[in-house]
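In my numbering, the protein residues as written are 78 to 339. Everything below concerns the one structure shown next.
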Ligand code: PXL
């Protein structure tokens with residue numbers, strides 16, 4: 078069985094962060110390990126508080142996992158502080174496995190998930206990633222990205238890693254709303270189109286998407302196949318969401334995995 082590691086934060090409401098990552102790993106039948114970076118007290122309406130894990134303890138978790146397991150891929154999510162980013166960089170810089178980095182800034186409910194002084198530092202991790210997965214907001218904060226901004230696209234094309242910018246909502250020629258993800262890899266641009274689901278149940282979609290890509294890369298899929306499958310998985314997980322909570326509800330990982338087999 079392939080082993081995939083998530084380095085991320087805990088979401089007490091179970092929909093995002095480490096909890097979403099483990100549910101995603103189960104869905105793809107890979108074994109999930111976790112290195113916790115922060116604990117959040119939150120529910121579907123927002124984050125109340127964040128408690129960071131000591132960087133030295135983050136390092137110990139990493140060492141214990143790698144000492145015992147052959148890790149096939151890593152997903153990196155919420156890191157929050159400079160100390161934790163520095164520790165992760167030191168550890169991953171010599172690894173030779175796929176790394177999917179979700180540059181987490183802000184939750185779906187609008188809470189800040191990265192301290193202000195750590196934004197530049199997080200960019201130093203991009204050199205070691207296979208792919209980064211910013212949403213529209215994160216791409217704007219990182220690259221000043223907007224549709225057709227050539228300056229931003231040039232910056233993205235110069236990165237060593239691939240970049241997929243998620244969730245641009247556009248109309249296609251049949252006047253249907255689509256969610257478009259754009260992949261920048263070397264000099265090529267690929268668009269992935271999914272029907273847009275107008276749902277409040279989107280808590281944890283970003284975490285689950287990056288974990289699904291990591292799981293599929295560990296399984297030996299190409300980046301293109303991993304993205305295609307992960308997109309279908311997230312679409313189904315929103316469609317089959319359990320509809321819980323008063324805010325942005327969690328998604329349905331189990332039902333999505335069953336429907337992937339259809
Ligand atoms: O989706 C971003 C994210 C990542 N990590 C944790 C979170 C969230 C969003 O709520 O709680 C722990």
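Glycine included, each C-beta is placed from N, C-alpha and C at the ideal position. Predicted model only: the values in this text are computed from it and were never measured.
With DSSP run on the structure shown, which of helix, strand or coil describes residue 261?
-> Note: residue 261 maps to strand in three-state DSSP.
Can you name the start and end residues of the beta strand (DSSP E) that residue 81 belongs to?
-> 80-88
Return yes when at least one heavy atom of the ligand PXL lies under 7 Å from the C-beta of residue 88, else no.
-> yes
Give me the Cα-Cα distance between residue 156 and residue 135, rounded to the nearest whole angstrom.
-> Between residue 156 and residue 135, the C-alpha separation is close to 10 Å.
How long is the line joining the alpha carbons of residue 177 and residue 95, rounded to whole angstroms?
-> 14 Å
Which partner residues of residue 241 appear in the DSSP bridge assignment?
-> 260
Can you tell me where the alpha helix (DSSP H) with residue 234 in it begins and where it stops?
-> 227-234
Please determine if the region 277-296 and the region 139-157 are in contact, where contact requires at least 3 C-beta pairs separated by less than 8 Å.
-> yes
Residues sharing a beta bridge with residue 327, DSSP | 280
Can you grab the Cα-Cα spacing for the pair residue 110 / residue 169, in whole Å?
-> Using only the alpha carbons, I get a separation of about 16 Å.
Span separating the alpha-carbon of residue 317 from that of residue 303 = 21 Å
Distance between residue 299 and residue 175 (C-alpha atoms, nearest Å) = 11 Å
Which residue's Cα is closest to the Cα of residue 260: 116, 201, 268?
-> 268
Which residue from 239, 266, 107, 270 puts its Cα closest to that of residue 249?
-> 270
What distance in whole Å lies between the Cβ atoms of residue 244 and residue 226, which are believed to be in contact at a cut-off of 8 Å?
-> With 8 Å as the limit, residue 226 and residue 244 do not qualify as a contact, their Cβ atoms being about 17 Å apart.
Where residue 139 and residue 274 are concerned, what is the direct C-alpha to C-alpha distance, given to the nearest angstrom?
-> 37 Å
Residue 120 vs residue 83 beta-carbon contact at 8 Å = Note that the C-beta distance between residue 120 and residue 83 is not below 8 Å.
Do residue 116 and residue 86 have their C-beta atoms closer together than 8 Å?
-> With respect to the 8 Å criterion, residue 116 and residue 86 are classified as neighbours on the basis of their beta carbons.
For residue 142, collect the residues of the same chain with a Cβ closer than 7 Å to its Cβ; drop the 5 residues on either side in sequence, then sort them by chain order.
-> 82, 110, 112, 148
Apply the 10 Å Cβ neighbour rule to residue 99 and answer buried if 16 or more other Cβ atoms are within range, or exposed otherwise.
-> buried
Boundaries (first-last residue) of the alpha helix (DSSP H) holding residue 168 = 159-169
Would you check whether the ligand PXL has a heavy atom nearer than 7 Å to the C-beta of residue 190?
-> yes
Apart from the five residues just before and just after residue 201, which ones in its own chain have a Cβ nearer than 8 Å to its Cβ?
-> Taking C-beta separations shorter than 8 Å and ignoring five residues to either side along the sequence, the partners of residue 201 in its chain run 162, 166, following chain order.
Reducing DSSP to helix, strand and coil, say where residue 213 ends up.
-> helix
For residue 118, name the three-state secondary structure that DSSP assigns.
-> strand
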